[in-house]
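Numbering (our numbering), first residue to last: 674 to 898.
In what follows, a single structure is set out as C-alpha cells and then discussed.
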C-alpha cells in the first residue's frame, strides 16, 4: 500500500508539468498506477464539463444532474474500462448529494450532524474559530483591496469579478481501484461519449513496465503503454 501511494505521488509530482495542472474547462487529467495486480485510476475533471455548473445546485434540475452524475461515477463502465479480466474493488469521489454547496443548503443540517467535524465535542471550539476566521478574512479582504488600489499584491491589475471567477473554479475527482488477473497494456475512456464539452484528457501512467504520458480525446479515447 505504501509503495502504491509513493508511486502515485511520484507520478503526480514528477510527471505532470505545471501547465498541465492549471484548471481549464474542456480539459481533464488522468493518472494510472500499477502495483502487481492492483491498479489505481484517478480522474480530475472540470465541474463545468461534468455538471454544467461550478456551484451548489440551485434548482431541482441541477440536483437531478448531480444525482445522475454520482450514479455514473459509482460504476466505472461509463468512465473507464480496463477489460473483462479486471474487477472493480473500490470507488471514491469528491461528490455527495450536497457537494459544491454551502452549509445553508437544504438537507445540510443532517450532513453536518453526521460529520465528525461538527460533533458536540467541537461545537464550541468551531463557533469561536468561525468568528475568528470571519474576522481574519475581513482583515485580509481589506488588505487585499488596499493592495489592489495601490497596484500591489497578486491581484493587482485584476478586476474583483476576475478574482471571484477564479475562486469559483471547481474540479470533480474520482478514483477507481481494480484487481486484475492479467497484465494489462491498455484502457479506454468512454466518458467522452457523454461529456461533449470535454475535449481532451492529459494522461500519465506508471506501471511495472515503465511510465509515460499521452493525450486522449473523443477521436482517440484509448490509452496504451
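Each residue gets a CB set at the ideal place from its N, CA and C atoms; glycine is no exception.
It should be emphasised that the depicted structure is a prediction, and the values quoted were computed from it without experimental measurement.
(message) Do residue 727 and residue 721 count as a contact pair if the criterion is CB distance below 8 angstroms?
(response) Counting from one through the chain shown, the residue named residue 721 turns up at place 48. Counting from one through the chain shown, the residue named residue 727 turns up at place 54. In this structure, residue 727 lies closer than 8 angstroms to residue 721 by Cβ.
(request) Give me the Cα-Cα distance between residue 861 and residue 753, rounded to the nearest whole angstrom. (result) Here residue 861 is taken as the residue at index 188 of the chain shown, counted from 1. Here residue 753 is taken as the residue at index 80 of the chain shown, counted from 1. Answer to the nearest angstrom: the Cα atoms are 6 angstroms apart.
(request) Within 10 angstroms of the Cβ of residue 730, are there 16 or more other Cβ atoms? Answer buried if so, exposed if not. (result) Taking the first residue of the chain shown as position 1, residue 730 is located at position 57. Buried.
(request) Using DSSP bridges, identify the partner residues of residue 889. (result) As a working note, residue 889 is residue 216 in the chain shown. Per the DSSP secondary-structure output, residue 889 pairs in a beta bridge with 874.
(message) What would DSSP say about residue 741, mapped onto helix, strand or coil?
(response) Within the chain shown, residue 741 is the residue found at index 68, counting from 1. Helix at residue 741.
(message) Tell me the residue span of the beta strand (DSSP E) that contains residue 711.
(response) As a first step, residue 711 is located in the chain shown; it is residue number 38 there, counting from the start. Judged by DSSP secondary structure, residue 711 falls within the beta strand (DSSP E) whose first and last residues are 711-719.
(request) Measure how close the beta-carbons of residue 885 and residue 867 come, nearest whole angstrom, since I'm counting them as under 8 angstroms. (result) Mapped onto the chain shown, residue 885 falls at position 212. Mapped onto the chain shown, residue 867 falls at position 194. In this structure residue 885 is not in contact with residue 867, their Cβ atoms being roughly 27 angstroms apart against a cut-off of 8 angstroms.
(request) Put residue 839 into one of helix, strand or coil per three-state DSSP. (result) Along the chain shown, one-based indexing puts residue 839 at 166. At residue 839, the pLDDT of 43 sits below 50, so the modelled position is not reliable and the matter cannot be decided from this model.
(request) Taking 8 angstroms as the cut-off, decide whether the C-beta atoms of residue 749 and residue 739 are in contact. (result) In the chain shown, residue 749 corresponds to position 76, counting from 1. In the chain shown, residue 739 corresponds to position 66, counting from 1. Between residue 749 and residue 739, the gap from beta carbon to beta carbon reaches 8 angstroms or more.
(message) What does the Cβ neighbour count give for residue 705, buried or exposed, with the cut at 16 atoms within 10 Å?
(response) Stepping through the chain shown from its first residue, residue 705 is reached at position 32. Burial check for residue 705: the Cβ neighbour count within 10 Å reaches 16 or more, so the residue is buried.
(message) For residue 713, count the other beta carbons within 10 Å of its own beta carbon; 16 or more makes it buried, fewer makes it exposed. Which is it?
(response) Stepping through the chain shown from its first residue, residue 713 is reached at position 40. Buried: at least 16 other Cβ atoms inside 10 Å.
(message) If you measure between the beta carbons of residue 751 and residue 871, is that distance less than 8 angstroms?
(response) Here the question's residue 751 lines up with position 78 in the chain shown. Here the question's residue 871 lines up with position 198 in the chain shown. No, they are not a contact pair.
(request) Give a yes or no on whether the C-beta atoms belonging to residue 878 and residue 896 are separated by under 8 angstroms. (result) Position 205 of the chain shown, counted from the first residue, corresponds to residue 878. Position 223 of the chain shown, counted from the first residue, corresponds to residue 896. In contact: residue 878 and residue 896 (Cβ atoms closer than 8 angstroms).
(request) Would you check if the distance between the CB atom of residue 755 and the CB atom of residue 876 is smaller than 8 angstroms? (result) Locating residue 755 in the chain shown gives position 82, where the first residue counts as 1. Locating residue 876 in the chain shown gives position 203, where the first residue counts as 1. No. Outside cutoff.
(request) Determine the burial state of residue 793: buried for a count of at least 16 other Cβ atoms within 10 Å of its Cβ, exposed for fewer. (result) Reading the chain shown from its first residue, position 120 is the one you call residue 793. At residue 793, the pLDDT of 45 sits below 50, so the modelled position is not reliable and the matter cannot be decided from this model.
(message) For residue 710 and residue 716, I'd like the C-alpha separation in whole angstroms.
(response) Here residue 710 is taken as the residue at index 37 of the chain shown, counted from 1. Here residue 716 is taken as the residue at index 43 of the chain shown, counted from 1. Going by the C-alpha atoms only, they are around 20 angstroms apart.
(message) Can you list, in chain order, the residues of its chain with a C-beta nearer than 8 angstroms to that of residue 757? Leave out the 5 residues immediately preceding and following it.
(response) Within the chain shown, residue 757 is the residue found at index 84, counting from 1. Apart from sequence neighbours up to five positions away, no residue of its chain approaches residue 757 with a beta-carbon distance below 8 angstroms.
(request) Would you kindly report the start and end of the unbroken beta strand (DSSP E) that includes residue 749? (result) Locating residue 749 in the chain shown gives position 76, where the first residue counts as 1. DSSP places residue 749 outside any beta strand (DSSP E), giving it a letter other than H or E.
(request) Starting from residue 859, follow the beta strand (DSSP E) in both directions and report where the run begins and ends. (result) Here residue 859 refers to the residue found at position 186 of the chain shown. Counting along the chain, the beta strand (DSSP E) containing residue 859 begins and ends at 859-861.
(request) Please report how far the alpha carbon of residue 869 lies from the alpha carbon of residue 697, in whole angstroms. (result) Here residue 869 refers to the residue found at position 196 of the chain shown. Here residue 697 refers to the residue found at position 24 of the chain shown. As the crow flies, the alpha-carbon of residue 869 is around 15 angstroms from that of residue 697.
(request) Can you give me the Cβ contacts of residue 735 inside the same chain, cut-off strictly under 7 angstroms, excluding the 5 residues immediately before and after it? (result) In the chain shown, counting from the first residue as 1, residue 735 sits at position 62. In the same chain as residue 735, and ignoring 5 residues on each side of it, the C-beta atoms closer than 7 angstroms to its own belong to 726, in chain order.
(message) Suppose the cutoff is 6 angstroms on Cβ atoms and the five residues either side in sequence are ignored; what does the same chain contact list for residue 718 look like?
(response) As a first step, residue 718 must be located in the chain shown, where it is residue number 45. Here residue 718 has 701 and 845 as same chain residues with Cβ atoms under 6 angstroms from its own Cβ, once five neighbours each way along the sequence are excluded.
(request) Pick out whichever of 763, 854, 744 and 887 has its Cα sitting closest to the Cα of residue 873. (result) Your numbering for residue 873 matches position 200 in the chain shown. Out of 763, 854, 744 and 887, the CA that lies nearest to the CA of residue 873 is found in 887.
(request) Identify whether residue 854 lies in helix, strand or coil by the three-state DSSP scheme. (result) Here residue 854 refers to the residue found at position 181 of the chain shown. Residue 854 falls in the coil class under three-state DSSP.
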